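Novice: Position 192 of the sequence shown, counted from 1, bears residue number 192 in full-length UniProt numbering, the numbering being contiguous throughout. All C-beta atoms in this analysis are idealised placements derived from N, C-alpha and C, irrespective of residue type, glycine included. The model shown is predicted, which means the values in this text are computed figures rather than measured ones. Dropping a structure here in structure tokens format, bear with me for questions.
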Amino acid sequence: MKIGSFLTASQKSKQLSHSDDDGENQGFSLKILSGSSLTIVGKRGIYTGVGEECEMSGVLPESLKNFSPEDSIKIRRAVVEFLMPETLQYFIPIMDSMAKKHLETDWSPYKQVKVLPLSMKYTFALACRLFMSITDPNHVTTFADPFALIVDGLTSVPINIPGTNFNRAIKAGKVIHQELLEVIQQRKKDLLSENNATVARDFITHTLLALDENGRSVMNDLLISSNIVGLLLAGHDTTSSAITFVLKYLADFPHVYNEVLKGTSSRPIMGPCLLSVKTLLC
Numbered sequence: 001m002k003i004g005s006f007l008t009a010s011q012k013s014k015q016l017s018h019s020d021d022d023g024e025n026q027g028f029s030l031k032i033l034s035g036s037s038l039t040i041v042g043k044r045g046i047y048t049g050v051g052e053e054c055e056m057s058g059v060l061p062e063s064l065k066n067f068s069p070e071d072s073i074k075i076r077r078a079v080v081e082f083l084m085p086e087t088l089q090y091f092i093p094i095m096d097s098m099a100k101k102h103l104e105t106d107w108s109p110y111k112q113v114k115v116l117p118l119s120m121k122y123t124f125a126l127a128c129r130l131f132m133s134i135t136d137p138n139h140v141t142t143f144a145d146p147f148a149l150i151v152d153g154l155t156s157v158p159i160n161i162p163g164t165n166f167n168r169a170i171k172a173g174k175v176i177h178q179e180l181l182e183v184i185q186q187r188k189k190d191l192l193s194e195n196n197a198t199v200a201r202d203f204i205t206h207t208l209l210a211l212d213e214n215g216r217s218v219m220n221d222l223l224i225s226s227n228i229v230g231l232l233l234a235g236h237d238t239t240s241s242a243i244t245f246v247l248k249y250l251a252d253f254p255h256v257y258n259e260v261l262k263g264t265s266s267r268p269i270m271g272p273c274l275l276s277v278k279t280l281l282c
């Protein structure tokens, strides 16, 4: 619609009628989800037709649009294999020992604690242990500090100027990726050494040894790093929140807590128990 003709119609209080008359002969085109469409405005309403080539790739990042389905399947298979029950039973003793140490250090000395931040601290340290075999608290802190900035940046206004949470999150992401790439490079050297039998069994080792049907690595270093960051983000608030709610309800219902205590005090949960108790794998 021409601006001049619209103003003329406005003075005569005929905006709607002018739109209908003008729209009879005019329409406009736009793109919806990267597909071409044509919109026609008339007296009987507004009609929009979308081309057959419409797809979701228009709203996805370039890195995902260039990601072939075959590569996606291979990478997903490598990640899922690491989280299978047969692999998890190897990590149960590690989780148990780290939980006991965490309770002795951060819970027992105090009469009152805040569960959620302590749960986040425990789950992040556990993730560093299972994904990267990092046990040194100082080394864990080098990941935890920039990771906290990334979490803050996820819910911030996406304005990339110095001083904003979004800008700090971008810088923190580069720091974490650089740290991860150094760990991955060192793990490659360990796997090529003569004493590779003592190399830790973690996510990095698993993905470095994962090969496709042609004998090539499924993931490069940067992709491994990106997957680790994705796993850290996916399990950060979710796992910590679940632990917090479980402890809350155990405190609210003492009879349930007593039954849980009876079941866990008799014997530790090992591999066969993990495979038989399906609820643990949900």
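Could you give the distance in angstroms between the alpha-carbon of valine 229 and the alpha-carbon of methionine 95?
Specialist: Going from the Cα of valine 229 to the Cα of methionine 95 covers about 20 Å.
Novice: Please tell me whether valine 199 and leucine 191 are closer than 8 Å, where the distance is taken between their beta carbons.
Specialist: Contact: yes.
Novice: Within the region 86-163, note down every full alpha helix (DSSP H) run reaching 4 residues or more, in order along the chain.
Specialist: You should have 115-132 and 137-154.
Novice: Please tell me whether methionine 84 and serine 240 are closer than 8 Å, where the distance is taken between their beta carbons.
Specialist: No, these two residues do not count as a Cβ contact at 8 Å.
Novice: Could you tell me if glycine 153 is buried or exposed, where buried requires 16 or more neighbouring beta carbons within 10 angstroms of its beta carbon?
Specialist: Counting Cβ neighbours within 10 Å, glycine 153 comes out buried, since at least 16 surround it.
Novice: Using only alpha-carbon positions, find the residue among Thr141, Ile159, Ile161 and Asn165 that is nearest to leucine 149.
Specialist: The shortest C-alpha separation from leucine 149 is found at Asn165.
Novice: Kindly indicate which residue of Glu86, Phe143 and Lys74 has the alpha-carbon position closest to the one of lysine 171.
Specialist: Looking at the Cα atoms, Phe143 is the closest of the given residues.
Novice: Mapping DSSP to helix, strand and coil, what is leucine 83?
Specialist: Reduced to three states, the DSSP call for leucine 83 is coil.
Novice: I need the boundaries of the alpha helix (DSSP H) containing valine 218, first residue and last residue.
Specialist: Premise fails: valine 218 is in no alpha helix (DSSP H) and is neither H nor E.
Novice: Below 8 Å between beta carbons: does that hold for serine 225 and leucine 180?
Specialist: The answer is yes: Cβ separation under 8 Å.
Novice: How far does the alpha helix (DSSP H) with glutamate 179 in it reach, from first residue to last?
Specialist: Element bounds for glutamate 179: 165-192.
Novice: Cutting at 6 Å between CB atoms, please list the residues of its own chain near asparagine 220, excluding the five before and the five after it.
Specialist: There are no such residues.
Novice: Have a look at alanine 99 and tyrosine 122 and give me their C-alpha separation to the nearest angstrom.
Specialist: Spanning the two alpha carbons is a distance of roughly 7 Å.
Novice: Which whole-angstrom value is the C-beta distance of phenylalanine 131 and phenylalanine 203, which I expect to be below 8 Å?
Specialist: With a Cβ gap of about 4 Å, phenylalanine 131 and phenylalanine 203 count as contacting.
Novice: Lysine 65: buried (16+ other C-beta within 10 angstroms of its C-beta) or exposed?
Specialist: Note that lysine 65 scores 49 on pLDDT, short of 50, meaning its location in the model is unreliable; the coordinates nonetheless yield the value given after this. Counting Cβ neighbours within 10 Å, lysine 65 comes out exposed, since fewer than 16 surround it.
Novice: Does the distance from the C-beta atom of asparagine 227 to that of valine 79 stay below 8 Å?
Specialist: Cβ atoms of asparagine 227 and valine 79: closer than 8 Å.
Novice: Does the distance from the CB of isoleucine 176 to the CB of proline 146 come in under 8 Å?
Specialist: Contact: yes.
Novice: For leucine 247, which residues from the same chain have a beta carbon less than 7 Å from its beta carbon, with the 5 sequence-adjacent residues on both sides left out?
Specialist: Val115, listed in sequence order.
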